[in-house]
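In our numbering, the protein residues as written are 1134 to 1248.
Written out as structure tokens, the structure is:
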């Protein structure tokens, strides 16, 4: 519950609003995968923003294995891949059923890929 004296994190609110707007334009209004995509994207950005010694010294690839960073990035990659595959399948299912009247970014990209 928000009270009159509680602070408001305006940056968080703006980021949340812009993420929802971008996801709606990309995946359409009724996509059930939007929350999973945004969560996977947040995890991806967290891993990308971490310092990785291997970026500075590529021959030290064992450090990524020891720190667990590589494993975490692979898990996020699998999650993101699964979410994107489900979004594409969901979108293609709508097209087959004739339910999707509005074209979203996924539709455009799939059309470009097919041509």
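Positions of the beta carbon are idealized from the N, C-alpha and C atoms, including for glycine. All figures in this text were calculated on a predicted structure; none of them were measured in a lab.
Exposure label - residue i; buried when at least 16 CB within 10 Å
| i | result |
| --- | --- |
| residue 1224 | buried |
| residue 1247 | exposed |
| residue 1153 | exposed |
| residue 1226 | exposed |
| residue 1220 | buried |
| residue 1195 | exposed |
| residue 1190 | exposed |
| residue 1161 | buried |
Candidates the options, of which the one nearest residue i by Cα
| i | options | result |
| --- | --- | --- |
| residue 1174 | 1214, 1238, 1201 and 1187 | 1214 |
| residue 1218 | 1166, 1147, 1206 and 1171 | 1166 |
| residue 1182 | 1194, 1151, 1245 and 1206 | 1206 |
| residue 1204 | 1151, 1185 and 1189 | 1185 |
| residue 1172 | 1140, 1149, 1193 and 1142 | 1149 |
Beta-carbon spacing of residue i, residue j below 7 angstroms
| i | j | result |
| --- | --- | --- |
| residue 1177 | residue 1209 | yes |
| residue 1197 | residue 1187 | yes |
| residue 1238 | residue 1159 | yes |
Residue i - DSSP class collapsed to helix/strand/coil
| i | result |
| --- | --- |
| residue 1139 | coil |
| residue 1226 | helix |
| residue 1152 | helix |
| residue 1246 | helix |
| residue 1240 | helix |
| residue 1146 | helix |
**OP:** Pick out the complete alpha helix (DSSP H) segments inside the stretch 1169–1223, 4 residues or longer, and give them in chain order.
**Re:** Runs found: 1186–1189 and 1195–1200.
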